[in-house]
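Numbering follows the numbering used here, in which position 431 of the sequence shown is assigned residue number 497; successive positions increment by one, without gaps.
Backbone N, C-alpha and C define an ideal beta-carbon position, used for all residues, glycine too.
Here the structure comes first, spelled out in structure tokens, and everything after it is commentary.
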Amino acid sequence: MSTILIQGAYILSMDSQIKEIENGDILIENNIIKQVGKNIELTEDMEVLDGSGYIVMPGFVDTHRHVYQHLFNQAFTNWSLTDYFTRFLGDIGQRLRPQDIYVGSYIGYLEAIHSGVTTVLHWANSTNSYGHGLEILRADSEIGMRTIVAIADSVVAHDEDANFKNMLRLRETNSNPLTQIALGALSNDVERLKYSIKEAHELNVFATVHVGGVPGEDGLIAHLHEEGLPLDFINFAHCNQLSEKDYELFVQENMSVSITPEIEMLMGHGYPPFYQILSKGGRPSIGVDTTSVVGADMITQLRVALAYTHSVHNERVNIKGEEPSLGVFNAKSVLEMGTIDGARALRMEDEIGSLTPGKKADLIMIDTGGHQTAPLYDPYNYVLMNVNAGNIAHVMIDGRWMKKDGRVVHDPVDIDLLNDSTRFMREELERYQGMRV
67 MSTILIQGAY
77 ILSMDSQIKE
87 IENGDILIEN
97 NIIKQVGKNI
107 ELTEDMEVLD
117 GSGYIVMPGF
127 VDTHRHVYQH
137 LFNQAFTNWS
147 LTDYFTRFLG
157 DIGQRLRPQD
167 IYVGSYIGYL
177 EAIHSGVTTV
187 LHWANSTNSY
197 GHGLEILRAD
207 SEIGMRTIVA
217 IADSVVAHDE
227 DANFKNMLRL
237 RETNSNPLTQ
247 IALGALSNDV
257 ERLKYSIKEA
267 HELNVFATVH
277 VGGVPGEDGL
287 IAHLHEEGLP
297 LDFINFAHCN
307 QLSEKDYELF
317 VQENMSVSIT
327 PEIEMLMGHG
337 YPPFYQILSK
347 GGRPSIGVDT
357 TSVVGADMIT
367 QLRVALAYTH
377 SVHNERVNIK
387 GEEPSLGVFN
397 AKSVLEMGTI
407 DGARALRMED
417 EIGSLTPGKK
427 ADLIMIDTGG
437 HQTAPLYDPY
447 NYVLMNVNAG
457 NIAHVMIDGR
467 WMKKDGRVVH
477 DPVDIDLLND
487 STRFMREELE
497 RYQGMRV
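Following this line, the structure appears as structure tokens:
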């Protein structure tokens, strides 16, 4: 049995009972958090890690990321959402080889771990064949990250029945206890979406769908609810441009919502709907979306969420004269959004999202010793406004160190595969005139 004791750290547990512990200890046995507190008894068989000078908190839970698209690392930053639909999903994405999906997933997982993400919903919307899906599972197995992989093929060439069968086949094939196979459903055919939701629910398959990023979907959630569809095991991503009734239902029915603020403002989905949900008492989760456009850092998304939401609130109250309705929304709130709220959105709050005895040992250790980030007054403010991948020193997933002393412990992806996939992608991108590659 592996036993690890982290001693003397500043613990941000994200557990409403444990709260914060200054100079606290965490005991981990195998992959489970056994004890969180002060002065935990030391025994000879323990691996002891000095936590003084570190903030320890749960790893980030990214509830919406197209991980495999890290192969395109910011190649699409200046694209609009329409460009993405036509150039990538409608063209390049249909020609991705299984190898390309593997390489993109592998390096995408490593980059996520480097920035402190321990669980990710991987929206794999170029899983154009069973072979493509197998390559994602290979990357998952080799990296060992906690993942939900949502299987979906290209939007343009989408065959929902074939995709569902592909998802079920990959679900049967998957033997990795850290990976869950889910359904990536589409909202552009409402009747087919309703059928997919019913099918997934009957088989106890988690599902996820993009909604509201394009005009004309306001009222969709209300319609699905009125139809009596089971909406408790499906994650709704983006949710821009929806109706007030839709937002009320998200909160009333405790639905799973993922917002990706930086992408949504850059590409034209619409304004991130944090205020619409938070002001009604809801707790959305957050994701990076795609590193083909933005960076991999979850902290950046959380900062954007805080700033944007307060800008909306300030405009409504200070300029328009409306009554305040946001309540407390601060650095701690958005860090909860990136941890325990993300776990709830993925229906995994009993396993991850907080440093609670009995939960899986997924955590990060943040080095506070750098002169550029001193001194430390409020730990939540400190993490949100100072932390980046560079001062996340250690990352643990399921009781295993995945990043130690600032370095991800895995081998890099095969350089020949990476070079070949990069060459292939470069040729694909060069076909668009004016595209810098």
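Is the distance from the Cβ of residue i to the Cβ of residue j below 8 angstroms?
{"i": "L429", "j": "G404", "result": "no"}
{"i": "A251", "j": "A228", "result": "no"}
{"i": "Y120", "j": "M431", "result": "yes"}
{"i": "A371", "j": "F340", "result": "yes"}
{"i": "N306", "j": "Y337", "result": "yes"}
{"i": "H335", "j": "L147", "result": "yes"}
{"i": "G125", "j": "I72", "result": "no"}
{"i": "I217", "j": "N194", "result": "no"}
{"i": "I209", "j": "S192", "result": "no"}
{"i": "L450", "j": "A397", "result": "yes"}
{"i": "V133", "j": "S171", "result": "yes"}
{"i": "A362", "j": "A190", "result": "no"}
{"i": "V359", "j": "T185", "result": "no"}
{"i": "N457", "j": "D433", "result": "yes"}
{"i": "N96", "j": "L187", "result": "no"}
{"i": "I158", "j": "E494", "result": "yes"}
{"i": "A459", "j": "I94", "result": "no"}
{"i": "G465", "j": "V127", "result": "no"}
{"i": "G348", "j": "V317", "result": "yes"}
{"i": "T356", "j": "I329", "result": "yes"}
Would you list the residues sitting across from residue i in a DSSP beta bridge?
{"i": "K85", "result": "Bridge partners of K85: none, in fact."}
{"i": "E580", "result": "Residue 580 cannot be examined here, being either before or after the span of the chain that is shown, 67 to 503."}
{"i": "P124", "result": "L429"}
{"i": "S181", "result": "Bridge partners of S181: none, in fact."}
{"i": "G250", "result": "T274"}
{"i": "F302", "result": "V275, V323"}
{"i": "I365", "result": "Bridge partners of I365: none, in fact."}
{"i": "R473", "result": "K470"}
{"i": "H460", "result": "M431"}
{"i": "S351", "result": "S324"}
{"i": "I94", "result": "I70, I99"}
{"i": "E113", "result": "I70"}
{"i": "V186", "result": "D128, T213"}
{"i": "T143", "result": "According to DSSP, which records beta bridges pairwise, T143 is partnered with nothing at all."}
If contacts are defined as beta-carbon pairs under 8 angstroms, then residue i and residue j qualify, I think. What distance do you get, rounded to the angstrom?
{"i": "I77", "j": "V102", "result": "7 angstroms"}
{"i": "L203", "j": "N242", "result": "7 angstroms"}
{"i": "L249", "j": "V271", "result": "5 angstroms"}
{"i": "V275", "j": "I247", "result": "With a Cβ gap of about 16 angstroms, V275 and I247 do not count as contacting."}
{"i": "Q140", "j": "L483", "result": "That belief does not hold up - the Cβ atoms of Q140 and L483 are roughly 20 angstroms apart, past 8 angstroms."}
{"i": "I343", "j": "Y313", "result": "6 angstroms"}
{"i": "H291", "j": "L315", "result": "5 angstroms"}
DSSP three-state call for residue i: helix, strand or coil?
{"i": "P339", "result": "coil"}
{"i": "E358", "result": "Here residue 358 turns out to be Ser, not Glu, going by the sequence shown. Looking at S358 - three-state DSSP - the assignment turns out to be coil, as it is neither helix nor strand."}
{"i": "Y76", "result": "strand"}
{"i": "I99", "result": "strand"}
{"i": "S192", "result": "coil"}
{"i": "I217", "result": "strand"}
{"i": "D482", "result": "helix"}
{"i": "M468", "result": "strand"}
{"i": "R413", "result": "coil"}
{"i": "V503", "result": "No answer about V503 holds up, because its pLDDT of 43 lies below 50 and its placement is not dependable."}
{"i": "T245", "result": "strand"}
{"i": "N380", "result": "helix"}
{"i": "Y448", "result": "helix"}
{"i": "I173", "result": "helix"}
{"i": "L308", "result": "coil"}
{"i": "S345", "result": "coil"}
{"i": "P568", "result": "The structure shown has nothing for residue 568, since the chain only spans 67 to 503."}
{"i": "L108", "result": "coil"}
{"i": "L401", "result": "helix"}
In or out: residue i buried (at least 16 other Cβ within 10 Å) or exposed?
{"i": "L421", "result": "buried"}
{"i": "T326", "result": "buried"}
{"i": "D471", "result": "exposed"}
{"i": "Y443", "result": "exposed"}
{"i": "I481", "result": "exposed"}
{"i": "T239", "result": "exposed"}
{"i": "R497", "result": "exposed"}
{"i": "D111", "result": "exposed"}
{"i": "P445", "result": "buried"}
{"i": "A440", "result": "exposed"}
{"i": "L297", "result": "buried"}
{"i": "K264", "result": "exposed"}
{"i": "V503", "result": "With a pLDDT of 43 at V503, under the threshold of 50, the modelled position of that residue is not reliable, and no figure is offered here."}
{"i": "P390", "result": "exposed"}
{"i": "G387", "result": "exposed"}
{"i": "D90", "result": "Note that residue 90 corresponds to Gly in the displayed sequence, not to Asp. Result: buried."}
Could you tell me whether any non-hydrogen atom of the ligand GTP is closer than 7 angstroms to the CB of residue i?
{"i": "N139", "result": "Inclusion of the ligand GTP in the displayed structure is not the case, the ligand content being empty and no account of it being possible."}
Do we get a CB-CB distance below 8 angstroms when we pair residue i with the residues of chain D?
{"i": "L269", "result": "Given the protein chain composition of this structure (a single chain), no chain D is represented."}
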